[in-house]
Amino acid sequence: MTDLIRILIAPLVWLAAFSAIYGLHGLICGHGIEGAALGLPMPRLLLIMAYTVAVLLQAILLAALYHPRLASSSNFVSFVSHATGWTGLVATGWSLLPVVMTSYCT
Amino acid sequence: MNALERHRKLTAIWASEPGWRGWFSTVNHTDLGRMFLVTAFFFFIIGGLLAMLIRAQLATPQSAFAGPEIYNQIFTMHGTIMMFLFAIPTFEGLAIYLLPKLLGTRDLAFPRLTAYGFWCYVFGGTMLLVAMVLGIAPDGGWFMYPPLSGPLYSPGINTDFWLIGITFVEISAIAAAVEITVSILKYRAPGMSLDKMPIFAWYALITALMILTGFPPLILGSILLEVERAFGLPFFQAELGGDSLLWQHLFWLFGHPEVYIIFLPAAGVISTVLPVMCRTTLLGYGWIVAAAVSLAFLSFGLWVHHMFTTGIPHMGLAFFSAASTLVAVPTGVQIFAWIGTIWKGRPELRLPMLHILGFFATFVIGGLTGVMVAVVPFDWQAHDTAFITAHLHYVLFGGFVFPIFAGVYYWLPHFTGRRRFFHLGELAFALVFIGFHVTFLAMHWVGLLGQRRRIPTYAPEDGWTAINLISSVGSFVLAIGIGMILIDVILHALTAARGRRNPWQAGTLEWAMITPPPAYNFASLPHVTSREPLADTPDLAVQLARGEGYLATPRHGWRETLTVDVASGRPDMHVLYPTNTRLPIIMSAVTGLFFLSLLLKFYWTVPLAVAGVAYLAWRWVWVLGRKEDLDALPVGHGITLPNAAMTDHSPGWWGTVFLLTANATFFGSLLFGFAFLWTVAPGWPPPAWFVASPVELGFGILGAALGCFAIGHAIVVNRRNGSPLPGLVLTLAGALAVAVACAAMMARTPSPEAHAYGATLFVLGSYGLFHAVLGALMASFLIARVLHGFTSSMRRAEFTIVGLWVGYLSVVGTLVLLAGHLPGLAS
Chain L
36 MTDLIRILIA PLVWLAAFSA IYGLHGLICG HGIEGAALGL PMPRLLLIMA
86 YTVAVLLQAI LLAALYHPRL ASSSNFVSFV SHATGWTGLV ATGWSLLPVV
136 MTSYCT
Chain S
158 MNALERHRKL TAIWASEPGW RGWFSTVNHT DLGRMFLVTA FFFFIIGGLL
208 AMLIRAQLAT PQSAFAGPEI YNQIFTMHGT IMMFLFAIPT FEGLAIYLLP
258 KLLGTRDLAF PRLTAYGFWC YVFGGTMLLV AMVLGIAPDG GWFMYPPLSG
308 PLYSPGINTD FWLIGITFVE ISAIAAAVEI TVSILKYRAP GMSLDKMPIF
358 AWYALITALM ILTGFPPLIL GSILLEVERA FGLPFFQAEL GGDSLLWQHL
408 FWLFGHPEVY IIFLPAAGVI STVLPVMCRT TLLGYGWIVA AAVSLAFLSF
458 GLWVHHMFTT GIPHMGLAFF SAASTLVAVP TGVQIFAWIG TIWKGRPELR
508 LPMLHILGFF ATFVIGGLTG VMVAVVPFDW QAHDTAFITA HLHYVLFGGF
558 VFPIFAGVYY WLPHFTGRRR FFHLGELAFA LVFIGFHVTF LAMHWVGLLG
608 QRRRIPTYAP EDGWTAINLI SSVGSFVLAI GIGMILIDVI LHALTAARGR
658 RNPWQAGTLE WAMITPPPAY NFASLPHVTS REPLADTPDL AVQLARGEGY
708 LATPRHGWRE TLTVDVASGR PDMHVLYPTN TRLPIIMSAV TGLFFLSLLL
758 KFYWTVPLAV AGVAYLAWRW VWVLGRKEDL DALPVGHGIT LPNAAMTDHS
808 PGWWGTVFLL TANATFFGSL LFGFAFLWTV APGWPPPAWF VASPVELGFG
858 ILGAALGCFA IGHAIVVNRR NGSPLPGLVL TLAGALAVAV ACAAMMARTP
908 SPEAHAYGAT LFVLGSYGLF HAVLGALMAS FLIARVLHGF TSSMRRAEFT
958 IVGLWVGYLS VVGTLVLLAG HLPGLAS
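Chains as they are written, first to last, in this note's numbering: chain L, 36 to 141; chain S, 158 to 984.
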């Protein structure tokens, strides 16, 4: 079961992060959150912070999958978990990139 | 014991009842896999005939062939049948038939569940066909959008047939998914570690996990819409705090992964058949597994790309557009791995290979138009036009039907033990390929010229006449081709000469047996050391027949197999299967009575049906087990294994884990729906909030905690040879306390008909109440089992299974009560 988790964890975290940030976006627009901080509108700042956390989490996860103490003893599982780990990182970086690029509630 | 004697003894133990009576009592995966496939192809023919009617209607402008009311039923039933009654059941049938043979075992994990799922599929599908024959078939399109499908605009019974019939059929899909998942993880030949699993098993595992997490949102949506239609709870009515977009979210949370649920098993067929046709091994096995896993997950992040025109903010659109383009990458990895496999091998243009080439050409075009519609501005132009219809047919026909035809021809000698005599198949392939592309290339074109989907007719001055006529001619060529394939297969089954074993010289285990396969699959179970055991040991079938594998000696009339550790493939449990029984068909008939009562609004029979299902479920488990401990049993090669009933993590425990995964997805979707309505729907806040009660909340949460603690205590005490009864009684009390708290919440909920807030709380309460009653029933069952001597410190498997359910009840019961009471407490 642990080996399966190694394979599935990174895409699962992407799915959770993707859903959470989409939900956060819905909350921001639904409740009309306004204001500004650090020179950015509050909605944009919140979304960028969530995006950064998600990318960092994926990076940490990927590093953990490569770490000898946490890696699988099976070469095959290691290979697949590394590949899905990279998938999680790239998917998080790419699919949530719109938080820094597009208008948020129009 | 010689091979023939072993064969006779095993056949006597494993065979189904002779003749047609055996159909109703068989629990054998080979029988049920065949039954699934034959039924699925029956529905394919019906769906295909409906497609011909659609094309007949659209062949000429202002056609009087069918009126709009009938036409609506035709296209709705075509989509519904192809998606729910053909594609998914074909995967289930193929997986049920093949997996134990590919994995080197004797049957699937839960044979009676296989049979129950099959009969639910047959009865549910029949409900829809009866509706069609009576002219009251669903008519709201296969995705049944409210408000069109709501009580105001679709007041008849047509939509109810869809909502209730499809939910009934989905029981079959969930049952098969649990079955397939546990079978692949646990029921493999000794030595078959994850890296030695046949590639089809990986695809089937991923698909089954997707079904477990993809289908619950649709089941929830169907229940909510049916409750709205039957009882007036306004989940999708904007004027009462509902939102029709909630349906679209729930539907496409299922609907987009559904595309990959259909494609991935077909990709599994390609990955299995292609290397054999190319006389080589699969290139990039690890890459393909990683790509399939990635594809499965990414597919859950695409659902909004079906909703680009619903007014969602740009950022939301951009998330899903980006994810939609990303999905092309793992798909591309698989395509390139297959091309590489062809490149490194020596391709032989035999019939399965022709269909694989048909798949390549068609699916790649479908994938490219998929990338086009993933781009928002293009989708705004093409949305709801015939271009989309053409795109989805390229993906589904290219990505499923061609590979399945390849699989049918590849495994036909296995199904029948014969070799093809008539060679209609090659001509049939040519007609299918040409007919398909003429039909749907033309449809792209007419879609770009502006023809909408689902229109019953058009005017001559629209300028679509010639293209539609070409498309219709193509579709009839396609139909003739498919008809010829069916005739070819039937002729093969009835008249062809006996074939030799393993006619393709394949390396996978399903060919290491006599064909057609015996009921027990393998006379003794193989020890696997590579991905292609037959390639390494060409006389493996003979060795196994001689009894040189595991479990070679039949004993006590038992249907025996063994399970393995998930990762390493090391044997870990001995399993005894139940024998032939009519319990599954009876239980599915009673389940059908429940759905039929809801459909026909005979509400007085609903409690009867529920009680019937509960009684049969009780009996289902009661007939298993024994009143004496079983010592560890020798299974061959000097290994002894504990029986599954003497372990904490029995197959039932594994099945429960995955069933609860689906259940948790259902509950998560319900919470999502609640949050969505609260945040996005117009008409909020509601006119009245639920009045919180700290006493009820505290009582329920204490009950949940008590149940969880008590079942844990009972498990520990039982293992130490003490009496688990006090713990079980407290578990029962805890479950009843949750039931009381949830019932009280439902009773005091603001009028569920007046606003979506009350409606959602009522459904949340019902969910909590249902699970509390279920938990109480399970605790009572376990008490009865203890009192009748079915358990001991060794026979403990049932405790951990009930433990999982009670733990789940504790979590969801607490969340339900918090969701109901917290807003009131906060205000």
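Don't be surprised by glycine CBs; every beta carbon is placed ideally from N, CA and C.
Remember, it's a predicted structure, so these values are computed and weren't measured experimentally.
- In terms of beta-carbon proximity, L/H102 stays away from the interface with chain S, with every pair separated by 8 Å or more.
- Contact with chain L is absent for S/H548, since none of that chain's Cβ atoms lies less than 8 Å from the residue's Cβ.
- S/L440 is positioned such that its CB atom lies no closer than 8 Å to that of S/A358.
- For S/M803, DSSP records no beta bridge to any residue.
- Look at the region 434 to 448 of chain S: the residues with a C-beta under 9 Å from a C-beta of chain L are Y442, G443, W444, V446, A447 and A448.
- The DSSP-derived three-state label of S/L309 is coil.
- Within chain L, no C-beta atom comes nearer than 8 Å to that of S/T233; the closest sits roughly 30 Å away.
- Chain S has no Cβ within less than 8 Å of the Cβ of L/I83.
- The Cβ-Cβ distance between S/H471 and L/T137 falls below 8 Å.
- DSSP places S/T718 outside any alpha helix (DSSP H); the residue lies instead in the beta strand (DSSP E), whose first and last residues are E717 to V721.
- Per the C-alpha coordinates, the member of S/D352, S/M367, S/H684 and S/A216 positioned closest to S/L708 is S/H684.
- At least one beta carbon of chain L lies nearer than 8 Å to the beta carbon of S/D352.
- Sequence-distant Cβ neighbours of S/A453 in its own chain, meaning closer than 6 Å and more than five residues away, are I363 and M367.
- Per DSSP, reduced to three states, the secondary structure at S/G389 is coil, with no helix or strand assignment.
- Around the Cβ of S/Y566, a 10 Å sphere holds 16 or more other Cβ atoms; the residue is buried.
- At the C-beta level, S/F586 and S/G527 stay beyond 8 Å of one another.
- Annotation: the continuous alpha helix (DSSP H) that includes S/I323 extends over N315 to K343.
- Within chain L, the residues H60, C64, S138, Y139, C140 and T141 have their CB atoms less than 8 Å from the CB of S/P470, given in chain order.
- Its chain contains L100 and Y101 as the residues whose beta carbon lies nearer than 7 Å to that of L/H117, once the 5 sequence neighbours on both sides are disregarded; these appear in chain order.
- Close CB contacts of S/I561 within its chain, under the 8 Å cut and outside five residues either way in sequence, are with T247, L251, A423 and V426 (chain order).
- For S/G793, the uninterrupted beta strand (DSSP E) segment begins and ends at L790 to G793.
- The C-beta of S/V837 comes closer than 8 Å to at least one C-beta of chain L.
- Residue environment for S/A768: exposed (fewer than 16 other C-beta atoms within 10 angstroms of its C-beta).
- In this structure, DSSP gives S/I796 an extended state, which the three-state scheme calls strand.
- Not a single C-beta of chain L is nearer than 8 Å to the C-beta of S/G371.
- For S/L834, the closest alpha carbon among the candidates L/G65, L/E69 and L/L50 is that of L/G65.
- Scanning chain L for C-beta atoms nearer than 7 Å to the C-beta of S/G458 yields L50, F53 and S130, reported in chain order.
- S/F465 is outside the set of residues whose beta carbon lies under 8 Å from a beta carbon in chain L.
- Counting along the chain, the unbroken beta strand (DSSP E) around S/D729 starts and ends at P728 to L733.
- Secondary structure note for S/W177: it is in no alpha helix (DSSP H), with a DSSP letter that is neither H nor E.
- Ranked by Cα distance from S/I742, the options S/F232, S/L798 and S/V279 are led by S/V279.
- Separation of the CB atoms of L/Y139 and L/R41 is rounded to 35 Å, and the pair is thereby denied contact status at 8 Å.
- Nearest CB-CB separation between S/A892 and chain L: not below the 8 Å threshold.
- Apart from sequence neighbours up to five positions away, the residues of its chain that approach S/A616 with a beta-carbon distance below 7 Å are P218 and Q219, ordered along the chain.
- When 8 Å is used as the limit between beta carbons, S/G473 is near these residues of chain L: Y57, H60 and G61, in chain order.
- Chain order gives no chain S residues near L/A89, where near means a beta carbon separation below 7 Å; the closest approach is about 12 Å.
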